[in-house]
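Note sheet for the following structure.
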Amino acid sequence: MARRQARWLRDPVATQRRVLAQLLRRAQDTAFGRDHGFRALQASGAVNGGPGALATAFTDAVPVWTYEELLPAYLNQVLHGAADVLWPGRPRYMAQTSGTTAGTKYLPLTPDSIPCHISGARDALLTYVHRTGKAAFFDGKLIFLSGSPVLGRVGSVPTGRLSGLVNRHIPAVLRGNQLPSYATNCIEDWETKLDAIVTETLGQPMTLISGIPPWVQMYFDRLTARTGRPVGELFPQFNLLVYGGVNFAPYRAKLFESIGRSVDSIELFPASEGFFAYQDEPGNPGLLLLLDAGIFYEFIPVAEFTSPLARRLTIGEVTVGENYALIVSTNAGLWAYSLGDTVRFTSLNPPRVVVTGRLKHFLSAFGEHVIAEEVEAAL
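The sequence shown runs contiguously to residue 432 in the numbering used here.
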């Protein structure tokens with residue numbers, strides 16, 4: 054894993070160029086690929102030459118898409134069972150996620166994209182072991198607080214929450230140590246499920262606890278309410294907290310107060326659209342952006358986002374310290390898709406980012422350009 058990572062880190066620009074070429078080649082005969090001339094686009098990139106030629110050709114051919122635009126144009130066809138629309142074949146699942154402007158959103162997970170979600174989380178743990186030499190957590194019980202793995206259906210495609218869908222694909226090597234049980238994980242009512250999780254885990258040799266911070270905090274609160282003891286005392290072997298999905302800063306103090314002692318932690322940057330980054334260096338808030346995981350990244354300076362002349366920068370063109378809107382093209386069949394998240398690079402070699410907020414939280418009523426990160430820091 055470390056050698057593979059070192060290879061793509063040696064030349065991030067070439068890595069991303071290769072990923073884009075692979076994505077375009079795989080999708081050239083899809084409806085989206087035909088509509089946007091992926092075959093000709095690849096030829097144009099090759100003819101024009103230069104390290105950025107293919108990315109420039111792609112930017113010229115494919116505009117930035119939002120979910121609200123993608124749904125009527127292509128995603129509705131996918132939801133009704135059509136094949137070869139955005140990616141070859143049909144998606145394995147549609148991940149259900151909440152949207153503020155379009156209600157519930159359904160985003161594709163394909164046989165090509167699912168392994169990238171799994172390998173991202175796996176590599177985060179392996180990198181931690183590689184960096185620290187600490188692997189004792191593998192010998193105890195691991196809990197992944199997730200949504201129910203029970204599948205629903207929208208149109209003709211199985212659907213569910215991302216955490217529940219990914220939970221169905223956890224490697225077998227971890228399943229023997231995993232809690233809660235499958236039956237408990239399938240409980241739909243969260244309060245009932247939380248009580249069952251507490252019952253199952255009390256008295257177990259818990260070593261790793263993982264989940265989005267508000268879910269983890271609710272679990273910790275329920276443990277302490279039942280026992281009157283801090284989490285670190287209940288689970289003396291607990292030594293690694295893995296979290297992601299929301300900004301950790303507002304939860305940090307309360308979570309560690311609930312534990313009652315110091316434990317190591319790893320931050321992840323997962324989303325229904327892809328697994329983007331993880332904390333590869335203990336104590337460093339920057340998250341390593343995964344450039345070799347089926348995702349081509351573009352970055353639009355936030356101040357330019359609404360401009361028709363907004364620049365779409367690639368990994369070789371970004372700078373440290375500026376806020377960018379994150380645009381992704383993925384092996385799930387999303388193309389120049391506006392994620393809605395904003396990031397800032399803390400380093401370029403290696404490429405590390407921090408998530409600074411959401412585009413919708415970017416306030417500029419009087420040109421002051423206040424972002425969520427600054428509001429949260431002030432609070």
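Quick reminder that beta carbons are idealized off the backbone N, C-alpha and C, glycines included.
For clarity, every value in this text was computed on a predicted model and none was experimentally measured.
N-terminal and C-terminal residue of the alpha helix (DSSP H) that residue i is part of
| i | result |
| --- | --- |
| N34 | An answer regarding residue 34 cannot be provided, because it is not within the stretch 54 to 432 covered by the chain. |
| V407 | No alpha helix (DSSP H) holds V407; the beta strand (DSSP E) holding it covers P404 to R411. |
| E320 | From DSSP, E320 is part of no alpha helix (DSSP H) but of the beta strand (DSSP E) over D317 to A324. |
| A302 | A302 to I312 |
| A59 | A55 to R63 |
Contacts around residue i, its chain only, beta-carbon distance under 8 Å, and the 5 residues preceding and following it disregarded
| i | result |
| --- | --- |
| A59 | none |
| R279 | V251 and L255 |
| R56 | none |
| G205 | Q149, P211, T212 and G213 |
| V203 | G213, G217, C239 and E241 |
| A189 | T260, Q290 and N292 |
| Y235 | P202 |
| D137 | D82, T83 and A84 |
| L73 | L107, A108, F111, F349 and S382 |
| G142 | A136, T163 and P164 |
DSSP beta-bridge partners of residue i
| i | result |
| --- | --- |
| E351 | I380 |
| T212 | M147 and G205 |
| Y159 | Q149 |
| I196 | L232 and I262 |
| L342 | A330 |
| V371 | Partner(s): none; V371 has no beta bridge. |
| A297 | Before going further, note that residue 297 is Gly rather than Ala in the sequence given. Paired residue(s): L321. |
| L366 | F352 |
Cutoff 6 Å; reference residue i; Cβ partners in own chain excluding five residues on either side
| i | result |
| --- | --- |
| R63 | none |
| E351 | R365 and I380 |
| T154 | At T154, the pLDDT of 49 sits below 50, so the modelled position is not reliable; the number obtained from the coordinates is stated separately. So no residue of the chain qualifies. |
| H133 | G208 |
| F419 | Unreliable positioning characterises F419 in this predicted model, as indicated by a pLDDT of 43, which lies under 50. The coordinate reading is nonetheless provided below. For F419, where only same-chain residues beyond five positions count, there are no Cβ hits under 6 Å. |
| Q257 | K194 |
| W118 | A389 and Y390 |
| L77 | F91 and Q95 |
| A108 | T367 |
| E421 | Here E421 scores only 49 on pLDDT, less than 50, and its place in the model is too uncertain to base an answer on. |
| K246 | I240 |
| G336 | none |
| V219 | H170 |
| G386 | L139, W140 and P161 |
| K413 | none |
Bounding residues of the beta strand (DSSP E) (the contiguous stretch that carries residue i)
| i | result |
| --- | --- |
| I171 | It is not in any beta strand (DSSP E) - I171 instead sits in the alpha helix (DSSP H) that spans I167 to T185. |
| A330 | G327 to Y331 |
| R397 | Y390 to L401 |
Chain-order list of residues whose beta-carbon lies under 7 Å from that of residue i (same chain, five-residue window excluded)
| i | result |
| --- | --- |
| P266 | Y296, V299, F301, Y304 and L308 |
| W61 | T68, L344 and D345 |
| T383 | S166, E326, G327, G347 and I348 |
| D394 | L379, V408 and R411 |
| P403 | L62 and L341 |
| R322 | Residue identity differs from the one stated: residue 322 is Phe in this sequence, not Arg. Within the same chain, F322 has close Cβ partners G297, F329, A330, Y331, L340 and V408. |
| V373 | F398, T399, S400 and L401 |
| P283 | T277, S311, I312 and G313 |
| R145 | L162, T163, P164 and I167 |
| E253 | L232, P233, S234 and T237 |
| R71 | none |
9 Å Cβ cutoff, residue i in contact with chain C
| i | result |
| --- | --- |
| L344 | Reference to chain C is not applicable here, since this structure consists of a single protein chain. |
Please determine if the region 328-338 and the region 164-180 are in contact, where contact requires at least 3 C-beta pairs separated by less than 8 Å.
yes
On the three-pair Cβ rule with 8 Å, is the region 306-320 touching the region 280-295?
yes
Examine the Cβ distances between the region 180-197 and the region 217-231 and report whether three or more of them are shorter than 8 Å.
yes
When the Cβ atoms of the region 124-138 are set against those of the region 178-188, are three or more pairs found closer than 8 Å?
no
Segment contact flag, the region 213-226 with the region 156-171, C-beta cutoff 8 Å, min 3 pairs:
yes
At what residue ranges does the region 77-148 contain a whole run of the alpha helix (DSSP H), taking only runs of 4 or more?
84-88, 91-101, 106-114, 120-123 and 129-132
Any 3 or more C-beta pairs closer than 8 Å across the region 304-313 and the region 254-271
yes
Alpha helix (DSSP H) runs wholly inside the region 214-278, at least 4 long, in chain order
215-220, 225-228, 235-238 and 243-254
Should the region 81-89 be regarded as contacting the region 356-370, the criterion being three or more beta carbon pairs within less than 8 Å?
no
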